[in-house]
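Residue numbers (the numbering used here): 743 to 866.
The C-beta atom is built at its ideal place from N, Cα and C for all residues, glycine as well.
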């Protein structure tokens with residue numbers, strides 16, 4: 743009979759220990775469940791913040807693109823204006839060169855005539 747009581751005692755103690763183990767396992771499972779429930783929030787929050795930053799940057803880039811396009815159009819108008827101004831100046835320089843050549847030719851012709859008259863007067 744001693745064996746029966748010690749077996750009963752062992753069974754009773756094992757049930758007591760098992761209950762504590764079940765309780766600890768249940769508590770651990772609950773903690774794990776709570777931690778796993780927070781995982782999506784922990785992952786989602788930084789991603790949401792980054793996406794908000796990406797959208798904000800996209801808006802800024804769009805504004806900059808619009809402003810730059812406008813500036814490029816203005817610069818293109820300036821280039822056309824400067825091109826016209828350069829062409830006009832080149833035409834005037836050519837005209838001035840033509841006038842200078844004409845004046846030099848007349849001067850040369852006048853010198854030839856002057857020399858011819860001088861030679862004619864000296865021989866008579």
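The DSSP assignment places no complete alpha helix (DSSP H) segment of no fewer than 4 residues inside the segment 758-812. Residue 860 and residue 827 have their C-alpha atoms some 48 Å from each other. Annotation: residue 778 to residue 785 spans about 11 Å, alpha carbon to alpha carbon.
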